[in-house]
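In what follows, a structure is listed as structure tokens, so that the remarks can point back to it.
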Amino acid sequence: MVDHHMLAAISLSIYEYRKYLVLTLAISMIAIPIANGLVIQRDRNRNEMYGEAFWIYGFTVYNMDDDQLAENLDTYYGFNFNDGLHTLPEYLGGVKYEYPVFGLIFFAIATWLFPGSGPDSLQPLWLNFLLVLVFNLNLALLAILLRDKLEKVRWARLFFGAYFVYGLVMAAAGGKLEPIVDCLLLMSLVLWKEKQHGKSMFALGLSVQTKVYSFVVFPMFFLINPVSSIWFIISMFLTVFPVFFGASFDSLISHLFNLSSYSSFIVNPLFPGLAFSTPDLYSPDPTASYVWIAALIPLIIYLSFLVLTIRRYIPKKEEFSDLSRIEKIRALIPLYLYLIPGSLFLFRWVMPWYLLWFGPVIVLFTKNEQAVGYLKQITLVGLLYVLGILVNWPYFITGPLPAFFTHFPASAPETIGGVILLSILMAVAYFLWKLEIDRRERKSVFVKEAEARGELII
């Protein structure tokens, strides 16, 4: 799995940006305890609990819901997880562990390296720290994938900045799995760039087994090199194998297939289903719903945007004339990539940070104008997400939004002050990163101008 060329590229990238990676790490270390006091990081806490439980129950933890597991660990093993902070909220009651196997194994190893739990334990901060290290590695990998573009094109710097903020929030302030998913995905993209297709597919398989959203890259890789997909399949045995030891993925399946058994709430304001069956949370009947046609507004705007912009992703007719059938399909890869963000409209459960799940796909576009269009589309989907909350305000104010705000236990002034402080820290770090990238761009322009004049550059 280890590729020496990739390791060399990562080492060089880390060395080149060492000052700024250290700065990011330092700011993250400040942000971790601040965020820990401002936000109930349920995903991190829950993964901590299941990581500890793995060493006791093995893969049968997939058959236990949060409340059952927390009570068992508290009663029989003395863990302090039955405090309401390590389990999912009531509107997700009964949901069993739904993350794929690689994510579980990561947290199992992390809790084994730093055991202990309770109100005074540093284990939760340790998990944030590990995720911050992964996030810093992601920046180095992204710098490899965008190496030339960071100094030459504006969209690359804009995306890098957006990912910088997103990754820092996910790692230092959220304790989410996303940094690990992205790390394996970015490794896969680097390996693919180096023509190491088998290793790339294997890394992609591990990414999918952390969170499944990175699977969107698989069809493109398959079309380019179908044989390499055998390594993706081999990696998937990591998930298949635990099934023989009691693992069940019912909650993951119900999540993917929009089943109400995952949650009676619809928290995705982009979901068209709200137009015809918005849950009536005031009704004593849990299946009651009502029609709210305004919920279609985000979808209508999005489809209109696609109609106006999709042309640049469809090859011209003359470009198809001399291509074989498989080459014609491959020529449609940019179109496929462009349509990926639209999948966010399909699911009942989409949280705000999901909007950048598909951000790294931007590095797969070979034309700058297509990458710019993709970045605009992600931005539009984010704005439509906010618009969707507004047009569905009567529903969201009755349940999803109040439930979301319960994750912020501090007083309003403390929360606002903490958010402002974290925003300042992120702004300072990004500003210094931007200064370095701008300096490199000026140096690159200077070198090219000197070479054009015939001067010797040493």
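Residue numbers (this note's numbering): -2 to 455. We put the CB at the ideal spot given by N, CA and C, even for glycine. Computed from a predicted structure; not experimentally measured.
If you draw a straight line from the Cα of Ser211 to the Cα of Pro295, it comes to about 24 Å.
With fewer than three CB-CB distances shorter than 8 Å, the stretch 32 to 42 does not count as touching the stretch 424 to 437. Of all C-beta pairs linking the stretch 89 to 109 to the stretch 174 to 185, three or more are shorter than 8 Å, placing the two stretches in contact. In the DSSP assignment, Glu68 falls within the unbroken alpha helix (DSSP H) covering Asp63 to Tyr74. Within the same chain, no Cβ atom closer than 6 Å to the Cβ of Trp109 is found once the five residues on either side in sequence are excluded. Residue state for Ser8 is assigned as helix, using DSSP reduced to three classes. Under the three-state reduction of DSSP output, Tyr14 falls in the coil class, being neither helix nor strand. The three-state reading of DSSP puts Lys208 in coil, since its state is none of H, G, I, E or B. Annotation: Ile250 to Asn222 spans about 29 Å, alpha carbon to alpha carbon. No residue range can be given for Trp346, since it is assigned to no alpha helix (DSSP H) and is classified by DSSP as neither H nor E.
Each of Ala170, Tyr96 and Ala159 was checked against the Cα of Leu128, and the nearest Cα belongs to Ala170. Membership of Arg41 in the alpha helix (DSSP H) is indicated by the continuous run Arg39 to Tyr54.
For Asn44 against Ser245, the beta-carbon gap comes to about 18 Å, at or over 8 Å, which does not count as contact. Residue burial is scored here from C-beta neighbours: Asp179 has at least 16 other C-beta atoms within 10 angstroms and is therefore classed as buried.
Pairing Phe242 with Tyr54, the inter-Cα distance amounts to about 10 Å.
Close CB contacts of Asn365 within its chain, under the 6 Å cut and outside five residues either way in sequence, are with Val150 (chain order). Put simply, of Met198, Leu419, Glu433 and Leu432 the residue whose alpha carbon is nearest the alpha carbon of Tyr163 is Leu419. For Gly370, the enclosing alpha helix (DSSP H) covers residues Asn365 to Val388. Nearest to Glu315 by C-alpha distance, out of Glu68, Lys325 and Ile230, is Lys325. Under DSSP, Thr412 takes part in no beta bridge, so it has no partner.
With respect to the 8 Å criterion, Lys208 and Gly100 are classified as neighbours on the basis of their beta carbons.
Rounded to whole angstroms, the separation of the alpha carbons of Ala140 and Ile11 is 9 Å. Across the structure, Ala272 and Ile290 are spaced so that their CA atoms are roughly 4 Å apart.
Lys196 sits buried, since 16 or more C-beta atoms from the chains shown fall within 10 Å of its C-beta.
By the criterion of a C-beta distance shorter than 7 Å, Asn255 is surrounded in its chain by Phe344 and Arg345, once the five residues flanking it on both sides are discounted. Judged by DSSP secondary structure, Asn133 falls within the alpha helix (DSSP H) whose first and last residues are Gln120 to Leu142.
As for any alpha helix (DSSP H) of minimum length 4 sitting wholly inside the stretch 178 to 252, the runs are 194 to 205, 215 to 221, 226 to 232 and 234 to 240, ordered along the chain. Residue range Arg151 to Leu165 is occupied by the alpha helix (DSSP H) that includes Val162.
For Glu316, the enclosing alpha helix (DSSP H) has its first and last residue at Lys314 to Phe317.
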